[in-house]
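J.: Just so you know, we're using the numbering used here here: the sequence shown kicks off at 485 and counts up by one.
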Amino acid sequence: MKTNRREFIRKAGLATACVCTGLAGVNGCSMIRGVSKTPGILSDAWEFDGNSLVVDLDKADSLRKPGGAGKLNIGDKVNRDETKVIIIHHKENEYKAFADCCTHGCRELNYLHDKEQLECSSFGKSAFKLTGKVITGPAEDPLKTYSLIKTDDKIIIKIA
Ligand code: FES
């Protein structure tokens, strides 16, 4: 079947619009979500009183060894907005805690122990130093970091 000039232009315009729409979604991290590989920390391994998050290291399996990481959502326990936290066991007896929210589009993070960095699970894959500073964007702002204290078998993270 022969296509006339007007029909060809209409089809070409439609195809261009589809490609542009698809690319806009990919670039914005809004259409494609990554999946975080970091395990959750069971709810019986931590407590949150509205200010401090206390994690029992004897019950948090994923934090036992250096290189481990775990995440939890304190919003579940205090009936407030969702607040996700990712905790990493960086070196022997050295832990760090961050808001589990990429500063580009608030997708979840993964800890890459071999690279000593956190990486967004989204298509954009922003990467952050363990100080929270941006290594590669599209994120521009640093990660929120939380101060913490380590005792014999617990870490106490200051959230408020
Ligand atoms: S949400 Fe876009 S790079 Fe993280």
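Virtual Cβ for every residue (Gly too), placed ideally from N, Cα, C. Fair warning: this is a prediction, and the values are worked out from it, not measured in the lab.
Any residue with its C-beta under 7 Å from a non-hydrogen atom of ligand 1 counts. Can you list them all in chain order?
T.: Summarising the contact set, residues whose Cβ lies nearer than 7 Å to any heavy atom of ligand 1 are, in chain order, C513, C586, H588, G589, C590, R591, C604, S606, G608, K609, S610, P622 and A623.
J.: For a test of the three-state rule: what should DSSP assign to A529, helix, strand or coil?
T.: Taken through DSSP and simplified to helix, strand or coil, A529 comes out as helix.
J.: Using only the alpha-carbon positions, how far apart do N557 and D584 sit?
T.: 9 Å
J.: Would the region 635-644 count as touching the region 529-544 if we require 3 or more Cβ pairs under 8 Å?
T.: Touching, yes.
J.: Using CA coordinates, which residue listed in K634, K628, Y579 and T587 is at the minimum distance from P622?
T.: T587
J.: Using the Cβ count rule (16 or more neighbours within 10 Å means buried), how would you classify N594?
T.: By the neighbour-count criterion, in which 16 or more other beta carbons inside 10 Å mark a residue as buried, N594 falls on the buried side.
J.: Given that a residue counts as buried once 16 or more other Cβ atoms are within 10 Å of its Cβ, and exposed if not, what is L507?
T.: With a pLDDT of 41 at L507, under the threshold of 50, the modelled position of that residue is not reliable, and the figure given next carries that caveat. Answer is exposed; the Cβ neighbour count stays below 16.
J.: Roughly how many angstroms separate the alpha carbons of T522 and K599, rounded to a whole number?
T.: 15 Å
J.: In angstroms, rounded to a whole number, what distance separates the CA positions of K613 and H573?
T.: 14 Å
J.: Assign T551 to one of two classes, buried (16 or more other C-beta atoms within 10 Å of its C-beta) or exposed (fewer than that).
T.: The sequence shown places Gly at residue 551, rather than the Thr named in the question. It is exposed - the Cβ of G551 has fewer than 16 other Cβ atoms within 10 Å.
J.: First and last residue of the beta strand (DSSP E) that includes A553?
T.: From DSSP, the beta strand (DSSP E) with A553 extends over A553 to N557.
J.: Indicate whether the contact test is met: 3 or more Cβ pairs, each with one atom in the region 620-635 and one in the region 596-611, closer than 8 Å.
T.: yes
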